[in-house]
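Structure, as structure tokens:
Protein chains: 2
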Amino acid sequence: MNEEEFIAGMRGIATHPFARGLSDDAAVVEFGGKQLVLTHDMIVEGVHFLAHDPPADVAWKLVAVNLSDLAAKGARPIAALLGYTLGSNEWNRAFVIGLEQALAAFDLPLIGGDTVSVPAGSLKALGLTAIGETKAAPSRAGAQPGDGIWVSGTIGDALVGLDISRGRAFGDASLRNRYRRPRPQLELGRMIAPLVTAMMDVSDGLLLDLSRLAAVSGRAAALDLDAVPLSDAFAAVRGRTREARVAAATGGDDYELLFTLPDGAGEQVQALAAEAGTAVTRIGTINEGEGLTLTDSEGDVPLPERLGYQHA
Amino acid sequence: MNEEEFIAGMRGIATHPFARGLSDDAAVVEFGGKQLVLTHDMIVEGVHFLAHDPPADVAWKLVAVNLSDLAAKGARPIAALLGYTLGSNEWNRAFVIGLEQALAAFDLPLIGGDTVSVPAGSLKALGLTAIGETKAAPSRAGAQPGDGIWVSGTIGDALVGLDISRGRAFGDASLRNRYRRPRPQLELGRMIAPLVTAMMDVSDGLLLDLSRLAAVSGRAAALDLDAVPLSDAFAAVRGRTREARVAAATGGDDYELLFTLPDGAGEQVQALAAEAGTAVTRIGTINEGEGLTLTDSEGDVPLPERLGYQHA
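Protein chains in written order, with the working numbering: chain A, 969 to 1280; chain B, 969 to 1280.
Structure (structure tokens):
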């Protein structure tokens, strides 16, 4: 039973409506007449962070990737529980400092968890459970034909940031920070959750995540590659070519919000995004049918072999 | 920063009342006018289970140890999220079967989580977050002078079960099952939670867990070693000597409930335990002061060097 089959097995088990078929960013539990949002994401050395990444940044990322799932549900974070495998004394010390900093930055109380000893040199696999409250939890499955496809911020910065962290590229420090210290779009998520037809966060790559949103919505997605928002810092390293745009849209680790809006809601959402200190960009359209198509000013763009980072 | 210092660091961060100073079995969050109980426990190969333990039993134990924390808060389980590091195809397949079985046995919906790939041969570290609801969440800190100290079921079976699993002892199959497939005392916990002054589950060893309960309550605990309930199956392997009783009381993995009761509440709790299909036994008394003392029919018993299994 490989990864894909294992996840299919989990879907077979997770039949309760709270689970949302395990095809959403987070579980939504009705409790006390309110909507409780729960997520548990792990980050693993060599997969989600590099062995030489500063432990304080790893702590930040662990918090941020989980809060990004809450953001996609329009949730206000309430608390977090940490699952920690002890590392070296130096690593532990730096991790605690980073964790405290991240929790303070997001005003997130740590309320529990578990710490376990593992043999020295074991791979680090850290987990965080984040809980939040939402008034209206959009799903990934609500996209309607004619809806615009929108994304917040800029895409691809973390990809270049990873290259910089690996010593494979030079570029603005802001790019490396996008990789190491992502900023979950909590405020924007809360503001626009009641207006979107579907929403998720971009973690595994814009194309892969959009194809998932389209699939669970039972619709097709047409993406205008030229519209994908790139930062100047990204463009300074990679340019704005078709190749660069495809790389940006498959790179992952963006932790921006991807959402669909009915015609006419765009202006209101743009105004809200400005209030939240960011921007949103229309990058495509939802259609009847299925699958993902890419175009740019030169015409159809063949889908890359990999749409994103295909771990679970 | 070693394990102890790391946990002290976490306590320094986890200042929110929901966290209960990280010195309780679970966090208790006020939400929607109700009490939500949250716990996240990990189990690690070589620490909490053996590499050759059947994966289905590992799945069971992962669920059971977390539900035992809910039991200690008198909580009814609502749902769980899984953090899973993929193993071999065979291991994954057997784990899924065991997980489904455990979730069904406890009527526990799986609602989310994360699955990550790790290099083949990596140490398995699995996490589960369990949430539940309680009407009255006893803490560990409420023990009062004069209270009786009580424990459910029998103590020490899992210790012998571990020896059997390791091929170091022969004994009744029920003992190995106590190690591999613990039964959280959910029903008993719910029934007696409103009556106890303090409660926790016994996971790291009766002596260690009792010393923790006494310490956070700011009281002393006097334990009558002869009163510690042993099963016939345990006694058939280890006998009922002082040495055997000390081993039972430090072995851990019992997942019974340890609690304190005011004078006069014992009979009612014994009746409730019978309803829940188990028994409770008075094993000592809470006094003014601090520390743990042991006696048996021959007099004072020196505390063993290790009171239990001192991981976090």
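We put the CB at the ideal spot given by N, CA and C, even for glycine.
Small disclaimer: the values here were computed from a predicted structure and weren't measured.
| Check | Outcome |
| --- | --- |
| Under 9 Å from the C-beta of Met1168 (chain A): neighbouring residues of chain B | The premise fails here: Met1168 (chain A) is roughly 14 Å from chain B at the closest Cβ pair, so nothing lies under 9 Å. |
| Run of the alpha helix (DSSP H) containing Tyr1147 (chain B), from where it starts to where it stops | 1141 to 1148 |
| Three or more C-beta pairs below 8 Å linking the segment 1048 to 1060 of chain B and the segment 1146 to 1164 of chain B | no |
| Same chain, Cβ closer than 7 Å to Ala1280 (chain B), neighbours up to 5 away in sequence not counted | Below a pLDDT of 50, predicted positions are generally treated as unreliable, and Ala1280 (chain B), at 38, falls in that range; the measurement from the model is reported next regardless. So the qualifying residues of the chain are Glu971, Ile975. |
| Contacts of Thr1097 (chain B) in chain A (Cβ-Cβ under 7 Å) | His1008, Leu1049, Thr1097 |
| One or two residues paired with Glu998 (chain B) in a DSSP bridge | B:Gln1003 |
| Phe1017 (chain A) burial status per 10 Å Cβ neighbour count (16 or more: buried) | buried |
| Under 7 Å from the C-beta of Leu1032 (chain B): neighbouring residues of chain A | Reading the sequence as shown, one finds Ala at residue 1032 (chain B) and not Leu. Neighbours of Ala1032 (chain B) on chain A: none; closest Cβ ~15 Å, over 7 Å. |
| Unbroken stretches of the alpha helix (DSSP H), 4 residues or longer, contained in the segment 1071 to 1112 of chain B | none |
| Pro1270 (chain B) classed as buried or exposed, judged by whether at least 16 other C-beta atoms fall within 10 angstroms | exposed |
| Any C-beta of chain B under 8 Å from that of Ala1280 (chain A) | Low per-residue confidence applies at Ala1280 (chain A): pLDDT is 38, beneath 50, and the placement is therefore not dependable enough to give any value. |
| Rounded separation between Trp987 (chain B) and Leu1004 (chain B) - CA only | Residue identity check: residue 987 (chain B) is Ala in the sequence provided, not Trp. Cα to Cα, the separation comes out at about 12 Å. |
| Cβ contact check for the segment 1179 to 1191 of chain A and the segment 1129 to 1137 of chain A: 3 or more pairs under 8 Å | no |
| Rounded distance between the beta-carbons of Thr1246 (chain A) and Ser1120 (chain A), thought under 8 Å | 6 Å |
| is_contact[Ile981 (chain A), chain B] using C-beta, thresh 8 Å | yes |
| C-beta atoms of Pro1272 (chain B) and Val1214 (chain B) nearer than 8 Å | yes |
| Closer than 9 Å at the beta carbon, the chain B residues around Arg1061 (chain A) | Met969, Glu973, Phe974, Gly977 |
| C-alpha distance - Leu1143 (chain A) paired with Pro1022 (chain A), whole-angstrom precision | 16 Å |
| Own chain partners of Pro1077 (chain B) with C-beta closer than 6 Å, once the 5 adjacent residues on each side are dropped | Ala1047 |
| Three or more C-beta pairs below 8 Å linking the segment 1033 to 1041 of chain A and the segment 1148 to 1156 of chain A | yes |
| Whole-Å CB distance - Leu1175 (chain A) paired with Thr1218 (chain A), under 8 Å assumed | 5 Å |
| Within-8 Å CB hit, Gly1276 (chain B) to chain A | no |
| Alpha-carbon to alpha-carbon, Val1033 (chain A) and Ala1190 (chain B) | 47 Å |
| Given 8 Å, three or more beta-carbon pairs between the segment 1108 to 1115 of chain B and the segment 996 to 1003 of chain B | no |
| Residues bridged to Asn1255 (chain A) [DSSP beta-bridge criterion] | A:Ala1188 |
| Amino acids of chain A, ordered along the chain, whose beta-carbon sits closer than 9 Å to that of Phe986 (chain B) | Ile1046, Ala1047, Pro1077, Ile1079, Gly1080 |
| One or two residues paired with Val1269 (chain B) in a DSSP bridge | B:Leu1262 |
| Where Ala1280 (chain B) falls: helix, strand or coil (DSSP) | For Ala1280 (chain B), the predicted model reports a pLDDT of 38, less than 50, meaning its position is unreliable; a value from the coordinates is still stated below. It is coil, neither helix nor strand. |
| Proximal residues to Val1086 (chain A) (C-beta, below 7 Å), its chain only, five neighbours per side dropped | Thr1053, Leu1054 |
| Test item: CB-CB of Met978 (chain A) and Arg1061 (chain B) under 8 Å | no |
| Contact the segment 1008 to 1016 of chain A vs the segment 1083 to 1100 of chain B: 3+ CB pairs below 8 Å | yes |
| Cβ-Cβ distance between Gly1100 (chain B) and His1008 (chain B) below 8 Å | no |
| Amino acids of chain B, ordered along the chain, whose beta-carbon sits closer than 7 Å to that of Glu1068 (chain A) | Ile981 |
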